[in-house]
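**Q**
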Amino acid sequence: MADAKQIKRIIQEYVPGKQITLTHIIANPTEDVYTKLGIENTHDSIGIMTITPAESVIIAADMALKAGGVAIGFMDRFSGTAILHGELTALTEAFTHANAGMADKMHFTVSRVTQN
């Protein structure tokens, strides 16, 4: 047994908290980004939001849409991911509105809106 290899095992657990883990805006994405995401190139910015628990993405995306000027490019209630697109200022406002709503009404921890 002394010659046996040490096998390291990693156990990963999914422990959902009430948090928006990412709100990021890609200003002026390249055509490749639109193609890989499978959404039509609208010459707008693209925003990505990830949330736990995953089903909460429905609520946060609804809040963002109600802020106006953005559309859903993709949303998955199983991974907690939403991809929105619209003008840069509209996406910034939508994410700010969604973050504030989720923090105030649902007591989520939220990330700041980042951009590149």
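Per the working numbering, residue 1274 is the first one in the sequence shown, and the count goes up by one each step.
Note that beta-carbon positions come from the ideal geometry of N, C-alpha and C, so glycine has one too.
Please read these numbers as outputs of a predicted model, since none were measured by experiment.
Please confirm whether isoleucine 1354 and threonine 1323 have their CB atoms less than 8 Å apart.
**A** In the sequence shown, residue 1354 corresponds to position 81, counting from 1. In the sequence shown, residue 1323 corresponds to position 50, counting from 1. It is worth fixing the name first, because residue 1354 is threonine in this sequence and not isoleucine. Yes, these two residues count as a Cβ contact at 8 Å.
**Q** Tell whether a beta-carbon distance below 8 Å holds between histidine 1358 and glycine 1346.
**A** Numbered from its first residue, the sequence shown carries residue 1358 at position 85. Numbered from its first residue, the sequence shown carries residue 1346 at position 73. Yes. Within cutoff.
**Q** If we ignore side chains and look at the alpha-carbon of each, how far apart do glycine 1401 and lysine 1378 end up?
**A** Nothing in the structure corresponds to residue 1401, since the chain is present only between 1274 and 1389.
**Q** For leucine 1310, which residues does DSSP report across the bridge?
**A** Walking along the sequence shown from the start, residue 1310 turns up at place 37. DSSP output for leucine 1310 lists no bridge partner at all.
**Q** Do you know offhand how far glycine 1311's Cα is from glutamine 1279's?
**A** By one-based count along the sequence shown, residue 1311 stands at place 38. By one-based count along the sequence shown, residue 1279 stands at place 6. When rounded, the distance between both Cα atoms is 44 Å.
**Q** Rounded to the nearest angstrom, how far is the Cβ of glutamate 1360 from that of serine 1318, given a contact under 8 Å?
**A** Reading the sequence shown from its first residue, position 87 is the one you call residue 1360. Reading the sequence shown from its first residue, position 45 is the one you call residue 1318. So it is a contact: roughly 7 Å between Cβ atoms.
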